[in-house]
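Protein chains in written order, with my numbering: chain A, 11 to 420; chain B, 9 to 124. Cβ coordinates follow ideal geometry from the N, Cα and C atoms, glycine included. Bear in mind that the values here come from a model prediction, so they are computed numbers and not experimental data. Before any comments, here is the structure.
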């Protein structure tokens with residue numbers, strides 16, 4: 011029953027949009043919202059019906075039919091495109107054909123990831139239509155205003171209304187060229203939860219779980235079951251396994267070496283390992299493969315000291331080649347410092363000029379402060395430490411830096 | 009001691025385009041209602057129903073159509089509870105999750121007919 015209303019919202023929107031067309035998305039969402047409201051009253055009064063999904067479908071379908079019929083301007087469209095609406099309102103998709111529901115959800119996910127929609131709008135559209143979050147809930151989770159979420163959503167809906175694409179909802183298989191965009195949106199959704207500074211664990215975990223739910227949908231459908239999808243899903247599971255241990259009881263951030271490894275979630279670790287194994291087929295090696303590989307090295311190391319740092323440094327080098335970023339260079343230096351000594355780590359950054367966005371970013375200075383301190387360059391270490399503390403984006407990060415960077419040299 | 013019956017009217021102030029409860033909030037309300045219903049199962053005689061917003065008003069001079077959009081409050085639902093007195097009825101109604109919904113007030117009126 012957990013999140014039943016929210017997930018039913020996503021299912022019903024996807025199924026009904028398929029039947030009446032994407033142009034009626036808002037009417038569909040209103041009808042589904044109304045059906046859930048009706049259910050709330052009716053189910054409190056007389057209990058949850060045996061087939062609650064079909065019950066909800068019937069109520070939403072009938073109210074949608076009423077609204078669309080009233081709208082005379084759309085009568086013709088209705089007659090020509092929505093023949094199935096004139097049935098008796100029985101849900102055409104019985105649980106026996108759960109695969110079809112999966113098709114509709116997946117199709118909706120691909121619709122949300124239409125490249126003509128700006129990326130931040132794709133994320134919001136997916137959260138609204140597929141995950142069943144309200145505008146207020148999305149704003150709260152993404153640290154933005156309701157007005158901003160509304161604007162992003164309106165932009166997405168306008169694109170869908172204007173677009174010639176997707177209105178006829180082609181078979182799922184034809185969407186495969188959009189797979190990279192779908193991966194990007196799912197990973198964005200995951201990171202909104204994983205990197206969130208919300209102190210409540212439940213709020214962060216919820217977005218991560220939604221991303222994993224959509225990723226699993228993708229990975230278990232023949233049209234999108236590809237090694238890259240498996241690698242993304244592995245990566246999310248391996249990160250999610252460590253989510254609860256990243257913070258102490260007061261919400262303060264914990265370093266990897268400070269985390270209690272017994273808190274890591276065994277089920278996520280198991281799933282992560284299984285999907286990582288499946289991702290190793292074919293000849294593609296993507297950033298998700300590299301990142302999942304790095305996460306796996308951390309997850310399955312017996313301790314911080316016994317981590318295979320050289321393997322991690324090698325994976326960061328591969329990541330740099332696939333997706334060049336000075337952040338990967340920086341992470342590689344950290345891994346080299348653990349595996350081969352701080353001198354080697356520091357040397358790997360020789361001649362690396364950080365781009366403007368990273369120069370002055372706390373991560374850059376924090377790593378340099380740490381490496382300089384460990385090789386005994388006290389003055390340079392202090393200079394970078396001050397820069398890092400000044401640039402810390404939050405109290406939690408500043409506290410972590412203070413703890414990490416003031417340790418006396420071993 | 010004999011119990012009295014009370015009609016509870018749910019009054020809604022139009023929320024002026026404010027969005028209703030989200031699915032997640034509805035789920036929480038559903039759970040809260042079930043707890044409340046169980047807690048007061050002896051006092052709740054009839055869970056009643058929600059009322060649609062459109063309607064008809066009949067007077068000697070004729071029949072007028074709703075919805076009554078100009079009204080500040082509309083009756084949105086009802087239920088019937090039993091209690092020994094108003095204090096008892098208020099206790100049941102105050103614990104009802106609907107009390108916390110925005111723009112909702114609950115009016116309790118004793119029914120004059122046969123006592124139980």
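Exercise for the section: Can you tell me the Cβ-Cβ gap for residue 229 of chain A and residue 239 of chain A, rounded? I've got them flagged as a contact below 8 angstroms. Expected result: Along the first chain, read from residue 1 onward, the residue named residue 229 of chain A stands at position 219. Along the first chain, read from residue 1 onward, the residue named residue 239 of chain A stands at position 229. So it is a contact: roughly 5 angstroms between Cβ atoms.
Handout entry: Beta-carbon gap between residue 54 of chain A and residue 42 of chain B smaller than 8 angstroms
Key = As a first step, residue 54 of chain A must be located in the first chain, where it is residue number 44. As a first step, residue 42 of chain B must be located in the second chain, where it is residue number 34. Yes.
Handout entry: Outcome for residue 372 of chain A when other beta-carbon atoms lying within 10 angstroms are tallied against a minimum of 16
Key = Taking the first residue of the first chain as 1, we reach residue 372 of chain A at position 362. Buried, because 16 or more other Cβ atoms sit within 10 Å of the Cβ of residue 372 of chain A.
Problem - Interface residues of chain A facing residue 18 of chain B [CB-CB closer than 7 angstroms] - result: Here the question's residue 18 of chain B lines up with position 10 in the second chain. In chain order: nothing, as chain A lies at least about 10 angstroms away.
Problem - C-beta atoms of residue 307 of chain A and residue 318 of chain A nearer than 8 angstroms - result: Reading the first chain from its first residue, position 297 is the one you call residue 307 of chain A. Reading the first chain from its first residue, position 308 is the one you call residue 318 of chain A. Yes, the Cβ-Cβ distance between residue 307 of chain A and residue 318 of chain A is below 8 angstroms.
Practice task
Compile a chain-ordered list of the residues in the segment 52-67 of chain A whose CB is closer than 7 angstroms to at least one CB of chain B.
Solution key: 53, 54, 55
Practice task
In angstroms with no decimal places, state the Cα-to-Cα distance between residue 97 of chain B and residue 156 of chain A.
Solution key: Reading the second chain from its first residue, position 89 is the one you call residue 97 of chain B. Reading the first chain from its first residue, position 146 is the one you call residue 156 of chain A. Residue 97 of chain B and residue 156 of chain A: Cα-Cα distance of roughly 39 angstroms.
Exercise for the section: Measure from the C-beta of residue 142 of chain A to each C-beta in chain B and report whether the shortest distance is under 8 angstroms. Expected result: Reading the first chain from its first residue, position 132 is the one you call residue 142 of chain A. Yes, because at least one Cβ of chain B sits closer than 8 angstroms to the Cβ of residue 142 of chain A.
Problem - Cut-off 7 angstroms between Cβ atoms - residues of its own chain near residue 333 of chain A, not counting five sequence neighbours on either side - result: To locate residue 333 of chain A, count along the first chain from 1; it is residue 323. Around residue 333 of chain A: 297.
Practice task
Could you check the C-alpha separation between residue 64 of chain B and residue 278 of chain A for me, to the nearest Å?
Solution key: Taking the second chain and counting its residues from 1, the one referred to as residue 64 of chain B is at position 56. Taking the first chain and counting its residues from 1, the one referred to as residue 278 of chain A is at position 268. About 58 angstroms.
Exercise for the section: Go ahead and label residue 47 of chain B buried or exposed: buried means 16 or more other beta carbons lie within 10 angstroms of its beta carbon, across all protein chains shown. Expected result: Within the second chain, residue 47 of chain B is the residue found at index 39, counting from 1. It counts as exposed.
Practice task
Just the chain B side, please: which residues come within less than 7 angstroms of residue 152 of chain A by C-beta, in chain order?
Solution key: Position 142 of the first chain, counted from the start, is the residue given in the question as residue 152 of chain A. None at all; the shortest Cβ gap to chain B is about 15 angstroms.
Exercise for the section: For residue 61 of chain B, return the contacting residues in chain A, with the cut-off set at a CB-CB distance below 8 angstroms. Expected result: Here residue 61 of chain B corresponds to residue number 53 of the second chain, with the count starting at 1. Within chain A, no residue comes near residue 61 of chain B; the closest Cβ sits about 12 angstroms away, beyond 8 angstroms.
Handout entry: Option nearest residue 410 of chain A by Cα separation, candidates A:342, A:258, A:344, A:167
Key = Translated into positions along the first chain, residue 410 of chain A becomes position 400. Residue 410 of chain A has its Cα closest to that of A:258, out of A:342, A:258, A:344, A:167.
Practice task
Classify residue 17 of chain B as helix, strand or coil using the three-state DSSP reduction.
Solution key: Numbered from its first residue, the second chain carries residue 17 of chain B at position 9. Note: residue 17 of chain B maps to strand in three-state DSSP.
Handout entry: Contacting residues, own chain, Cβ-Cβ under 6 angstroms from residue 304 of chain A (five flanking each side not counted)
Key = Reading the first chain from its first residue, position 294 is the one you call residue 304 of chain A. Result list for residue 304 of chain A: 322, 325, in chain order.
Practice task
Note down, in chain order, each residue of its chain lying with its Cβ closer than 8 angstroms to the Cβ of residue 264 of chain A, except the 5 sequence neighbours on either side.
Solution key: Position 254 of the first chain, counted from the start, is the residue given in the question as residue 264 of chain A. So the qualifying residues of the chain are 255, 256, 257, 258, 410.
Problem - residue 142 of chain B vs residue 87 of chain B beta-carbon contact at 8 angstroms - result: Within the shown structure, residues of chain B are numbered from 9 to 124, placing residue 142 of chain B beyond reach of any answer.
Practice task
Starting from the beta carbon of residue 37 of chain B, find every residue of chain A whose beta carbon is closer than 8 angstroms, and list them in chain order.
Solution key: Counting from one through the second chain, the residue named residue 37 of chain B turns up at place 29. Per Cβ cutoff of 8 angstroms: 50.
Problem - Supposed contact pair residue 391 of chain A and residue 397 of chain A - C-beta distance, whole angstroms, cut 8 angstroms - result: Numbered from its first residue, the first chain carries residue 397 of chain A at position 387. Numbered from its first residue, the first chain carries residue 391 of chain A at position 381. Rounded, the Cβ-Cβ distance is 11 angstroms, inconsistent with contact.
Exercise for the section: Pick helix, strand or coil for residue 106 of chain A, following the three-state DSSP scheme. Expected result: As a first step, residue 106 of chain A must be located in the first chain, where it is residue number 96. Since pLDDT at residue 106 of chain A reaches only 39, below the 50 mark, its modelled position is unreliable, and the value read off the structure follows with that caveat. The answer is helix: DSSP assigns residue 106 of chain A an H, G or I state.
Practice task
Would you mind telling me which residues of chain B sit closer than 9 angstroms to residue 47 of chain A, beta carbon to beta carbon, in chain order?
Solution key: Indexing the first chain from 1 puts residue 47 of chain A at position 37. In chain order: 28, 29, 34, 58.
Practice task
Starting from residue 202 of chain A, trace the alpha helix (DSSP H) both ways and give me its first and last residue.
Solution key: For this step, residue 202 of chain A is matched to residue 192 along the first chain. Its alpha helix (DSSP H) spans residues 189-204.
Problem - Where the beta strand (DSSP E) containing residue 91 of chain B begins and where it ends - result: If you number the second chain from 1, residue 91 of chain B lands on position 83. Per DSSP, residue 91 of chain B belongs to the beta strand (DSSP E) from 82-91.
Problem - Per-residue contacts from residue 14 of chain A into chain B (C-beta, under 8 angstroms) - result: For the purposes of this step, residue 14 of chain A is identified with residue 4 of the first chain, where counting begins at 1. Chain-order list of chain B residues neighbouring residue 14 of chain A: 35, by C-beta distance under 8 angstroms.
Practice task
Consider the Cβ of residue 41 of chain B: report whether some Cβ of chain A lies at a distance smaller than 8 angstroms.
Solution key: Taking the first residue of the second chain as position 1, residue 41 of chain B is located at position 33. Yes, residue 41 of chain B lies at the interface with chain A (some Cβ there is under 8 angstroms from its Cβ).
Practice task
Name, in chain order, the residues that DSSP records as bridge partners for residue 71 of chain B.
Solution key: Counting from one through the second chain, the residue named residue 71 of chain B turns up at place 63. Answer by DSSP bridge pairing, in chain order: B:66.
Handout entry: Element boundaries [alpha helix (DSSP H), containing residue 60 of chain B]
Key = Along the second chain, one-based indexing puts residue 60 of chain B at 52. Careful: residue 60 of chain B lies outside any alpha helix (DSSP H) and carries neither H nor E.
Problem - Buried or exposed (CB count within 10 angstroms, at least 16 for buried), residue 31 of chain A - result: Looking up residue 31 of chain A in the first chain gives position 21. Residue 31 of chain A should be labelled buried.
Practice task
Taking only heavy atoms of the ligand ADP into account, decide whether any of them is closer than 7 angstroms to the Cβ of residue 114 of chain B.
Solution key: This structure does not include the ligand ADP; it has no bound ligands of any sort.
Exercise for the section: Would you list, in sequence order, the uninterrupted beta strand (DSSP E) runs of no fewer than 3 residues that lie entirely inside the segment 37-80 of chain A? Expected result: none
Exercise for the section: Closer than 8 angstroms by C-beta to residue 125 of chain A: which residues in its own chain qualify, once you throw out the five before and the five after it? Chain order, please. Expected result: The residue you call residue 125 of chain A lines up with position 115 of the first chain. Cβ neighbours of residue 125 of chain A beyond the five flanking positions: 188, 191.
Practice task
Would you mind sorting residue 38 of chain A into buried or exposed? The rule is 16 or more other CB atoms within 10 Å of its CB.
Solution key: The sequence position of residue 38 of chain A within the first chain is 28, counting from 1. When all chains shown are included, residue 38 of chain A counts as buried.
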